[in-house]
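Peer 1: What follows is a single structure, and I will ask about it in a moment.
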């Protein structure tokens, strides 16, 4: 399923995965893994992503409970 | 066959393999200041734990087979231990390459492939040379410089084949990973 909200926010900011990775000081593959849902980032990385993309933690990382 | 001599050569071989692996990991880890992000650190740890678990499982299987009173010669048992080490290396390499856990492998992938292919050629050259001659119940390599004298003299020739194939496999994995990364 992945993190479509994060991908959408990144695209709206006009950032590539490499660009976002460079700002955050992580590898491009890490950003890709987070967007694909293959890796659960630590809270520090989550905060960093939100800060760069101008979103809240709820916007990008809250999962709606399935009914 | 003098088992003490075989044992000493095996220890020397183990020390050499360990030393080479540690050197490569030290140099590759130091690449770009040795900075890895949290995901890479986690994948490196996972690779190490998985390789260790695979090695332990393999050794347990060997011990069970010995308990079943199967006839192992010293050479065979030595070779079986080497296979366990190769399994660990293959598992660690697979996970770290596939998850891009080392920056050096990502960014200097041509160098990595060159080194792996070089190692493969060194080990497989015995099999692409003039072949083997079967005499007096033993396979003899014909005119191979690398295997004459040196620490590999007492290792089962099939181990060299497996080692060469492991290096080839890891080189192929780097290529596949690179191609997939270019598409992303």
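Chains as they are written, first to last, in our numbering: chain L, 1033 to 1099; chain G, 121 to 304.
Every residue, glycine too, gets a C-beta built ideally from N, C-alpha and C.
Between G/157, G/216, G/183 and G/237, which lies nearest to residue 204 of chain G when the distance is taken from Cα to Cα?
Peer 2: G/183
Peer 1: Just the C-alpha distance for residue 257 of chain G and residue 278 of chain G, rounded to the nearest angstrom, thanks.
Peer 2: 16 Å
Peer 1: So residue 302 of chain G contacts chain L; which residues on that side make the cut at Cβ distance below 9 Å?
Peer 2: Residues of chain L passing the Cβ test: none, with the nearest at roughly 12 Å.
Peer 1: Show which residues of chain G have a CB atom less than 9 Å away from the CB atom of residue 1077 of chain L.
Peer 2: 157, 158 and 159
Peer 1: Should residue 1084 of chain L and residue 1038 of chain L be called a contact, given that it needs their Cβ atoms to be closer than 8 Å?
Peer 2: The answer is no: Cβ separation not under 8 Å.
Peer 1: For residue 131 of chain G, does the count of other Cβ atoms within 10 angstroms reach 16, so buried, or fall short, so exposed?
Peer 2: Around the Cβ of residue 131 of chain G, a 10 Å sphere holds fewer than 16 other Cβ atoms; the residue is exposed.
Peer 1: Taking only beta-carbon atoms, is residue 1064 of chain L less than 8 Å away from chain G?
Peer 2: yes
Peer 1: With residue 1061 of chain L and residue 220 of chain G assumed to form a contact (beta carbons below 8 Å), what rounded beta-carbon distance in angstroms separates them?
Peer 2: 4 Å
Peer 1: Report the residue from L/1044, L/1057, L/1036 and L/1034 whose alpha carbon sits nearest the alpha carbon of residue 1086 of chain L.
Peer 2: The residue with the shortest Cα to Cα distance from residue 1086 of chain L is L/1044.
Peer 1: Closest to residue 207 of chain G by C-alpha separation, out of G/296, G/298, G/290 and G/241, would be which residue?
Peer 2: Looking at G/296, G/298, G/290 and G/241, the one whose alpha-carbon comes closest to that of residue 207 of chain G is G/290.
Peer 1: Considering only the alpha carbon of each residue, which of G/179, G/280, G/172 and G/296 lies closest to residue 233 of chain G?
Peer 2: Minimum Cα distance to residue 233 of chain G is reached at G/296.
Peer 1: When you compare only the Cα positions, how much space is there between residue 213 of chain G and residue 283 of chain G?
Peer 2: 13 Å
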